[in-house]
Amino acid sequence: MTYSTTITQKGQITIPKLMRDFLRLDTGRRISLELEKTRKKIVITAPEDFLAFARTIKVKKNKAVDPVKAREYMETHYYERV
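This is the structure we're talking about:
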(Lines of atoms letter the chains of each structure in order from A and count residues from 1; the text may use other names and numbers.)
(Lines give C-alpha, C1' and ligand atoms only; values in the text may rest on other atoms or scores of the structure.)
Protein backbone atom coordinates (compact mmCIF):
# COMPACT_ATOMS: atom_id res chain seq x y z
CA MET A 1 0.00 0.00 0.00
CA THR A 2 1.31 3.43 -0.89
CA TYR A 3 -0.46 6.63 0.09
CA SER A 4 0.38 10.30 -0.23
CA THR A 5 0.05 12.73 2.67
CA THR A 6 0.99 16.35 3.36
CA ILE A 7 3.30 17.68 6.07
CA THR A 8 1.73 20.51 8.11
CA GLN A 9 3.50 23.66 9.32
CA LYS A 10 4.10 21.88 12.63
CA GLY A 11 5.78 18.95 10.86
CA GLN A 12 2.83 16.62 11.41
CA ILE A 13 1.37 14.12 8.97
CA THR A 14 -1.93 12.27 8.83
CA ILE A 15 -1.76 8.50 8.60
CA PRO A 16 -4.57 7.38 6.25
CA LYS A 17 -7.51 5.64 7.94
CA LEU A 18 -6.96 2.36 6.08
CA MET A 19 -3.40 2.19 7.43
CA ARG A 20 -4.47 3.19 10.97
CA ASP A 21 -7.12 0.47 10.92
CA PHE A 22 -4.67 -2.13 9.60
CA LEU A 23 -2.11 -1.32 12.32
CA ARG A 24 -4.84 -0.83 14.98
CA LEU A 25 -3.67 2.71 15.70
CA ASP A 26 -6.07 4.48 18.03
CA THR A 27 -5.74 8.03 19.33
CA GLY A 28 -2.98 8.19 21.93
CA ARG A 29 -1.35 4.94 20.80
CA ARG A 30 2.46 5.01 20.80
CA ILE A 31 4.27 4.13 17.58
CA SER A 32 7.89 3.77 16.63
CA LEU A 33 9.53 5.69 13.77
CA GLU A 34 12.75 4.41 12.26
CA LEU A 35 14.81 6.44 9.81
CA GLU A 36 16.57 4.44 7.10
CA LYS A 37 19.14 7.02 6.04
CA THR A 38 20.58 5.12 3.09
CA ARG A 39 17.15 4.62 1.53
CA LYS A 40 15.77 8.02 2.67
CA LYS A 41 12.81 6.22 4.18
CA ILE A 42 10.79 6.38 7.41
CA VAL A 43 9.36 3.10 8.71
CA ILE A 44 6.39 3.25 11.09
CA THR A 45 5.76 0.29 13.37
CA ALA A 46 3.11 -0.29 16.00
CA PRO A 47 4.56 -2.40 18.84
CA GLU A 48 2.10 -4.80 20.44
CA ASP A 49 2.93 -3.92 24.04
CA PHE A 50 5.05 -1.61 26.17
CA LEU A 51 8.01 -3.98 26.38
CA ALA A 52 8.08 -4.31 22.61
CA PHE A 53 8.03 -0.53 22.34
CA ALA A 54 10.74 -0.13 24.99
CA ARG A 55 13.09 -2.34 22.97
CA THR A 56 12.88 0.14 20.07
CA ILE A 57 14.24 3.02 22.15
CA LYS A 58 17.98 3.53 21.95
CA VAL A 59 19.57 5.18 24.96
CA LYS A 60 23.04 6.65 25.04
CA LYS A 61 25.03 5.28 27.95
CA ASN A 62 26.41 7.93 30.25
CA LYS A 63 29.65 6.51 31.60
CA ALA A 64 30.15 9.54 33.84
CA VAL A 65 27.33 8.46 36.17
CA ASP A 66 28.28 6.22 39.08
CA PRO A 67 25.54 3.55 39.47
CA VAL A 68 25.84 3.56 43.28
CA LYS A 69 25.40 7.34 43.44
CA ALA A 70 22.49 7.13 41.02
CA ARG A 71 20.81 4.50 43.22
CA GLU A 72 21.35 6.61 46.34
CA TYR A 73 19.89 9.64 44.57
CA MET A 74 16.82 7.66 43.49
CA GLU A 75 16.29 6.32 47.00
CA THR A 76 16.49 9.76 48.62
CA HIS A 77 14.51 11.69 46.01
CA TYR A 78 11.92 9.30 44.54
CA TYR A 79 11.17 6.42 46.91
CA GLU A 80 8.55 6.95 49.56
CA ARG A 81 9.56 6.16 53.11
CA VAL A 82 7.18 3.78 54.89
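Count along the sequence shown starting at 1, add 81, and that's the number in my numbering. Heads up, the beta-carbon is just placed ideally off N, CA and C, and yes, glycines get one too.
Distance between residue j and residue i (C-alpha atoms, nearest Å)
i	j	result
Ile154	Thr119	In the sequence as presented, Ile is not what sits at residue 154; that position holds Tyr. When rounded, the distance between both Cα atoms is 42 Å.
Gly109	Lys150	36 Å
Gln93	Thr87	8 Å
Ser85	Glu129	26 Å
Phe103	Pro148	43 Å
Ser113	Ile96	13 Å
Met100	Thr157	46 Å
Glu117	Lys139	15 Å
Asp107	Lys122	23 Å
Heavy atom of the ligand NAP within 7 Å of residue i beta-carbon
i	result
Leu99	Among the components of this structure there are no ligands whatsoever, and the ligand NAP is therefore not found.
Segment limits, beta strand (DSSP E) that includes residue i
i	result
Lys122	122–126
Run of the alpha helix (DSSP H) containing residue i, from where it starts to where it stops
i	result
Leu106	Counting along the chain, Leu106 falls outside any alpha helix (DSSP H), and DSSP gives it neither H nor E.
Glu115	Run containing Glu115: none in the alpha helix (DSSP H); it sits in the beta strand (DSSP E), 113–117.
Helix, strand or coil at residue i [DSSP, three-state]
i	result
Met100	helix
Ala145	coil
Thr157	helix
Arg152	helix
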